[in-house]
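Under the working numbering, residues 54 to 622 are what the sequence shown spells out, in order.
All C-beta atoms in this analysis are idealised placements derived from N, C-alpha and C, irrespective of residue type, glycine included.
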Amino acid sequence: MAVCARLCGVGPARGCRRRGAAREQRRGGAGDSEPDTDTDPEEAGGGVTEDDEVAERIEGGRPAPHPAEAGPAGRAPLSLLELPPELLVQIFGSLPGTDLPSLARVCTTFRRILRTDTIWRRRCREEYGVCENLRKLEITGVSCRDVYAKRINPRVKSGRFMKILPDYEHMEYRDVYTCLLHRYRHILGLWQPDIGPYGGLLNVVVDGLFIIGWMYLPPHDPHVDDPMRFKPLFRIHLMERKSATVECMYGHKGPHNGHIQIVKKDEFSTKCNQTDHHRMSGGRQEEFRTWLREEWGRTLEDIFHEHMQELILMKFIYTSQYDNCLTYRRIYLPPSSPNDLIKPGLFKGTYGSHGLEIVMLSFHGKKAKGTKITGDPNIPAGQQTVEIDLAHPLQLPDIENLRDFSELSRIVLEVQEQVRQEEQEQEHQQEEDDHPQQAASQPAAKSLGAEGAEGEETAAGAGGTAQDKAPASQPFVLPMGVISRNEDYPRTCRICFYGTGLIAGHGFTSPERTPGVFVLFDDDRFGFIWLELKSFSLYSRIKVSFQNAEAPSREAFDDMLKNIQSLAT
54 MAVCARLCGV GPARGCRRRG AAREQRRGGA GDSEPDTDTD PEEAGGGVTE
104 DDEVAERIEG GRPAPHPAEA GPAGRAPLSL LELPPELLVQ IFGSLPGTDL
154 PSLARVCTTF RRILRTDTIW RRRCREEYGV CENLRKLEIT GVSCRDVYAK
204 RINPRVKSGR FMKILPDYEH MEYRDVYTCL LHRYRHILGL WQPDIGPYGG
254 LLNVVVDGLF IIGWMYLPPH DPHVDDPMRF KPLFRIHLME RKSATVECMY
304 GHKGPHNGHI QIVKKDEFST KCNQTDHHRM SGGRQEEFRT WLREEWGRTL
354 EDIFHEHMQE LILMKFIYTS QYDNCLTYRR IYLPPSSPND LIKPGLFKGT
404 YGSHGLEIVM LSFHGKKAKG TKITGDPNIP AGQQTVEIDL AHPLQLPDIE
454 NLRDFSELSR IVLEVQEQVR QEEQEQEHQQ EEDDHPQQAA SQPAAKSLGA
504 EGAEGEETAA GAGGTAQDKA PASQPFVLPM GVISRNEDYP RTCRICFYGT
554 GLIAGHGFTS PERTPGVFVL FDDDRFGFIW LELKSFSLYS RIKVSFQNAE
604 APSREAFDDM LKNIQSLAT
């Protein structure tokens, strides 16, 4: 802003401003703008102007920076005011929207130009991806009619759309930017709702002239390769020019009054003010049947497993308690590295009677971790469901011997014992490093520790080159007796690694890590064999481009993982 002040001949003191005005007069009145010390015609009443309200919404009450002194004596500075207004519109439109209120304080000409709606339309498009035309929305219609009207109530006729959509005719892009997009920018991105052990995945995006919160749901069990399902939980938009409206989208009676509160950094909550819209005329039985069709794609009569029926009923009773108020915590997508085995990200996987759940795969040096984003009463959301030891690849037997579960179990248990010995040697070496004098008096132990460290380096080196040495693909089949929810798993794999899986009783009681086999099929699918459970989980990548979900740093991502795991515990 200091540059703009110098170019306009505006100084921080009144005397400087008078000298600037005198210079304008000596140049023959070339400038067509007065310094901002003069009263704007719209400010004749002495009240707060509309531009001041915009600045307050964007800057949050920060004081405006003082313009700099005028240019060096003896040389008149070039002035932006000499440029054509249409060029100034282009220049101002390329600036961040957060800088425009300060720019409006420089002089009355800048203030008038910044009321040009094309400037704010460009900021809405470049910063938030808003491509809709306010002036043509009521006439031509855009995707938000289908998204926010037909999906909520398919029986709505086209003639009633005007009653559902806001009155955009008298709205400006400056209002959209300041009252909607900028105000609620902190809730854009990925979030995990606090629904006890079940968790969830919420994606808040700018869609048309709305901010919408989509809850992403896995496909119906056991179709792990099917695309994700999603439903709206809330939406924010401008029903009036200066006021954003929050509406709850839960239930089957259309949008209704809601509220959003930003609790603290990376956390916000939603509340429904009209919970009667969530109820159905047929009572809880009709609500349960409707929920079951949406959640599982079937009726209770189609589910013959008694334990699975109990789990489904338990989930419905538990989650229905959160239909009026929810708290969300921010989650990030895992950062990637060129050395990663595959691209990290979100996957949907099979978990027996619990159905499909969402897991985040991330890489941490010689380890890979699978963290639950959605969970169940045994292993809640936020817990680390699998851990892969990339330093210990497994060489599977031929296809005939692979069918023998005892043969696969023998191979895995041998590697488990090797890993245990290496960990003991590493701990011994660490103790020697912490107590060097005591280690010097025990040369034999020190020699043993050195051999252990060397063996660990060899194992790590073997893990780093295992993928290069392994064939492009090898036959794969599940051993006899291993249960899989999805029999349509790939019959070839790239490589396998030793890993551990987390198992526990109901209510996350007596948790323990048990050995297993991580099987990489391709860039988008992997599996895990749980030896103790004799069960197989198949995972498939979630192919959705999530915006505003990248972690600002590796440390921020690691802190997020620790946070959601501590909350789950």
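- So the alpha helix (DSSP H) Ala34 belongs to, where does it begin and stop? No answer is possible for residue 34: the residues shown for the chain start at 54 and end at 622.
_By alpha-carbon positions, which one of Thr323, Gln374, Gln362 ends up nearest to Arg337?_
On the sequence shown, position 284 is the one that residue 337 refers to. For the residues Thr323, Gln374, Gln362, the minimum Cα distance to Arg337 belongs to Gln374.
Contact under 8 Å by Cβ, Arg566 with Gly554:
Numbered from 1 along the sequence shown, position 513 holds the residue referred to as residue 566. Numbered from 1 along the sequence shown, position 501 holds the residue referred to as residue 554. Yes, Cβ-Cβ distance for Arg566 and Gly554 is below 8 Å.
Review point. When burial is assigned at 16 or more other CB atoms within 10 Å of the CB, is Glu480 buried or exposed?
Key: Locating residue 480 in the sequence shown gives position 427, where the first residue counts as 1. Counting the other CB atoms within 10 Å of its CB gives Glu480 a total below 16, which places it among the exposed residues.
query = To which residues does DSSP link Ser537 through a beta bridge?
reply = For this step, residue 537 is matched to residue 484 along the sequence shown. DSSP, once it has assigned bridges, lists Phe589 as partnering Ser537.
Quiz item: When the Cα atoms are used, what is the spatial distance from His331 to Arg383?
Solution: Sequence index remark: in the sequence shown, residue 331 carries index 278 (1-based). Sequence index remark: in the sequence shown, residue 383 carries index 330 (1-based). Spanning the two alpha carbons is a distance of roughly 26 Å.
* **Beta-carbon proximity of Gly253 to Phe287, cut-off 8 Å** => Counting from 1 along the sequence shown, the entry for residue 253 is found at position 200. Counting from 1 along the sequence shown, the entry for residue 287 is found at position 234. In this structure, Phe287 does not lie closer than 8 Å to Gly253 by Cβ.
Thinking just about the alpha-carbon of each residue, which of Cys232, Pro446, Lys420, Ser593 is nearest to the one in Ile264?
Indexing the sequence shown from 1 puts residue 264 at position 211. Per the Cα distances, Cys232.
Three-way DSSP call (helix, strand, coil) for Glu484 in this model:
For the purposes of this step, residue 484 is taken as the residue at position 431 of the sequence shown. Here Glu484 sits in helix by DSSP.
| task | Give a yes or no on whether the C-beta atoms belonging to Val257 and Lys401 are separated by under 8 Å. | result | As a working note, residue 257 is residue 204 in the sequence shown. As a working note, residue 401 is residue 348 in the sequence shown. Contact flag unset, no.
message: Taking a contact to mean a Cβ-Cβ separation below 8 Å, would you say Leu20 touches Val259 in this structure?
response: Nothing can be reported for residue 20, as the shown portion of the chain is limited to 54 through 622.
Helix, strand or coil for Phe341 per DSSP? For the purposes of this step, residue 341 is identified with residue 288 of the sequence shown, where counting begins at 1. Three-state DSSP puts Phe341 in a helix.
Requested in this report: Excluding the 5 residues preceding and the 5 following Asp199 in the sequence, name in chain order all residues of the same chain whose CB lies nearer than 7 Å to its CB.
Outcome: What you label residue 199 is simply residue 146 of the sequence shown in a count that begins at 1. Unreliable placement is indicated for Asp199, whose pLDDT of 43 sits below 50; the coordinate value is still reported in the next sentence. Taken in chain order, the list of residues that qualify is empty.
Would you mind working out which of Gly423, Gly418, Lys419, Ser406 sits nearest Val412, comparing C-alpha positions?
-> Along the sequence shown, one-based indexing puts residue 412 at 359. When each option's Cα is compared against that of Val412, the closest is Gly423.
| field | Cα-Cα separation between Ser147 and Glu180, rounded to whole angstroms | value | One-based indexing of the sequence shown puts residue 147 at position 94. One-based indexing of the sequence shown puts residue 180 at position 127. So the alpha carbons of these two residues sit roughly 11 Å apart.
Which whole-angstrom value is the C-beta distance of Gln527 and Leu449, which I expect to be below 8 Å? As a working mapping, residue 527 is identified with position 474 in the sequence shown. As a working mapping, residue 449 is identified with position 396 in the sequence shown. Cβ-Cβ separation between Gln527 and Leu449: approximately 7 Å, consistent with a contact (criterion under 8 Å).
Which of helix, strand or coil does DSSP assign to Met361?
In the sequence shown, counting from the first residue as 1, residue 361 sits at position 308. It is helical.
TODO: Taking only runs that begin and end inside the segment 434-475, name each unbroken beta strand (DSSP E) of 3 or more residues, in chain order.
DONE: 437-447
- If you run the structure through DSSP and keep just helix, strand and coil, what is Ile205? What you label residue 205 is simply residue 152 of the sequence shown in a count that begins at 1. Only weak support exists for where Ile205 lies, its pLDDT of 41 falling under 50; the coordinates are left without a value.
Note to self: Could you check whether Cys301 and His309 sit closer than 8 Å to each other, using their CB atoms as the reference points?
What the structure shows: Reading the sequence shown from its first residue, position 256 is the one you call residue 309. Reading the sequence shown from its first residue, position 248 is the one you call residue 301. Closer than 8 Å, so yes.
Query raised in the report: By DSSP, does Val570 sit in helix, in strand, or in coil?
Result: Start at 1 with the first residue of the sequence shown, and residue 570 comes out as number 517. It is a strand residue.
Between the alpha carbons of Pro275 and Lys368, how many angstroms are there, rounded? Taking the sequence shown and counting its residues from 1, the one referred to as residue 275 is at position 222. Taking the sequence shown and counting its residues from 1, the one referred to as residue 368 is at position 315. Looking at the two C-alpha atoms, the distance is approximately 18 Å.
| Using CA coordinates, which residue listed in Ile315, Glu363, Phe416 is at the minimum distance from Leu386? | Taking the sequence shown and counting its residues from 1, one reaches residue 386 at position 333. Considering only alpha carbons, the answer is Phe416.
- Task: Determine, using beta carbons only, whether Asp6 and Val472 come nearer to each other than 8 Å.
- Result: Outside the displayed span of the chain (54 to 622) sits residue 6, for which this structure offers no information.
- Could you give the distance in angstroms between the alpha-carbon of Arg456 and the alpha-carbon of Leu531? Within the sequence shown, the letter at position 403 stands for residue 456. Within the sequence shown, the letter at position 478 stands for residue 531. Cα-Cα distance, rounded: 6 Å.
With Pro271 as the anchor, note down where its beta strand (DSSP E) starts and where it stops. What you label residue 271 is simply residue 218 of the sequence shown in a count that begins at 1. Where Pro271 is concerned, there is no enclosing beta strand (DSSP E), given that its DSSP letter is neither H nor E.
| Three-state class that DSSP yields for Asp228 in the structure shown | Within the sequence shown, numbered from 1, the residue matching residue 228 stands at position 175. If DSSP states are grouped into helix, strand and coil, Asp228 belongs with the helices.
- Give the DSSP-derived three-state secondary structure of Phe145 in the structure shown. Reading the sequence shown from its first residue, position 92 is the one you call residue 145. Phe145 carries a helical assignment under DSSP once its states are collapsed to helix, strand and coil.
Note down the Cα distance separating Ala123 from Ser132, rounded to an integer number of angstroms. Walking along the sequence shown from the start, residue 123 turns up at place 70. Walking along the sequence shown from the start, residue 132 turns up at place 79. Note on Ala123: pLDDT 44, under 50, position unreliable in the model; the coordinate value appears next. Approximately 11 Å between the Cα atoms of the pair.
* Asked: So the beta strand (DSSP E) Leu156 belongs to, where does it begin and stop?
  -> Locating residue 156 in the sequence shown gives position 103, where the first residue counts as 1. Run containing Leu156: none in the beta strand (DSSP E); it sits in the alpha helix (DSSP H), 153-157.
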